[in-house]
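In terms of our numbering, the sequence shown opens at residue 1074 and continues consecutively. All C-beta atoms, glycine included, are put in the ideal place defined by N, C-alpha and C. Data block below; observations after.
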Amino acid sequence: MSDALVAARPRSKSKFTPKQIACFYVKPYLTEDGGPTGLQVCKACGKTRKNAFKTGYTNLVSHVKSDHGNFEVEMEAASTVAAGTLLPW
């Protein structure tokens, strides 16, 4: 038996859920007729990502985290403006 330990990669502690991140940064990419394409477009940079209905947010969130490193700061700023505060009710 091997004595080597496999170090688990620590999970990032985001202040926002994957759904919140995806809803803030992406929107559906629609055809000219308004029909679905199966793609999502980033509101910040315009890049498209594939995301099938009910498959989760991994692909979308990985784009946000890799291309928009300050996403938490931007989301907090937008939350503060919209709600006037970040403190719980």
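Coarse secondary structure for residue i, derived from DSSP in three states
i            : result
residue 1098 : helix
residue 1159 : Because residue 1159 sits at a pLDDT of 49, beneath the cut-off of 50, its placement in the model cannot be relied upon, and the point is left open.
residue 1123 : strand
residue 1110 : strand
residue 1151 : helix
residue 1129 : coil
residue 1086 : coil
Best match in the options for proximity to residue i [C-alpha to C-alpha]
i            : options                   : result
residue 1126 : 1111, 1119, 1133 and 1093 : 1111
residue 1120 : 1128, 1088, 1134 and 1105 : 1134
residue 1116 : 1104, 1150, 1095 and 1109 : 1095
residue 1140 : 1088, 1151 and 1122       : 1122
residue 1152 : 1124, 1097 and 1091       : 1097
residue 1137 : 1118, 1149 and 1150       : 1118
DSSP beta-bridge partners of residue i
i            : result
residue 1165 : Only positions 1074 to 1162 of the chain appear in the structure, and residue 1165 is not among them; the question remains open.
Is the number of C-beta pairs between the region 1100 to 1108 and the region 1128 to 1142 that are closer than 8 Å three or more? Verdict: no, contact absent.
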